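Numbering (my numbering), first residue to last: 1332 to 1459. I have placed the structure first, in the form of structure tokens, so that the comments after it can refer back to it.
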């Protein structure tokens, strides 16, 4: 199991209408992070504050500055410390990572998914 390389696949795939936020998260954003809360509509996340239309990607996903012009894109989250719980818990299962083509997975993880799950649980302990 490799460390996250910020490929952005998970955020790109789930950053539209596939995420949810808890009522508590939304209430906290309303009080302390109005710049996040403005993207909430009817207790659902990632709506354009001007049009009210659902966004196809997370408005807080950003392409990190490149160190070399030909380097592949790396992504960052501008609300990382205040991100929804859905984001905090991803990835949670090895089959989910395989399905999503997560770049943290190595061939040995696919062969021994039980061991890989144990590694993942340790890696993600600070995130969850």
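Each residue gets a CB set at the ideal place from its N, CA and C atoms; glycine is no exception. Note that the coordinates shown come from a computational prediction; the quantities given were computed from them, not determined experimentally.
I'd like to confirm the pairing. Which residues does DSSP put opposite residue 1372 in its beta bridges? 1375
I'd like the list of long-range same chain contacts for residue 1421, defined as Cβ closer than 6 Å, with 5 residues on each side in sequence excluded. 1341
Local Cβ density within 10 Å of residue 1435, reported as buried at 16 or more and exposed below that: buried
With hydrogens ignored, establish whether the beta-carbon of residue 1455 is closer than 8 Å to any heavy atom of the ligand COA. Within the structure as shown, the ligand COA is missing, as the structure has no ligands at all.
Enumerate in chain order the residues of its own chain whose CB-to-CB distance from residue 1450 is below 7 Å, with the five nearest sequence positions on each side excluded. 1332
Let me check understanding here. Comparing Cα to Cα, which of 1380, 1392, 1456 lies closest to residue 1372? 1380
Which residue's Cα is closest to the Cα of residue 1404: 1365, 1393, 1354, 1334? 1393
For a test of the three-state rule: what should DSSP assign to residue 1353, helix, strand or coil? coil
Contact the stretch 1452-1459 vs the stretch 1407-1424: 3+ CB pairs below 8 Å: yes
Beta strand (DSSP E) containing residue 1421: first to last residue? Element bounds for residue 1421: n/a, residue is neither H nor E.
Can you tell me whether residue 1370 is buried or exposed? The criterion is at least 16 other CB atoms within 10 Å of its CB, across all chains shown. buried
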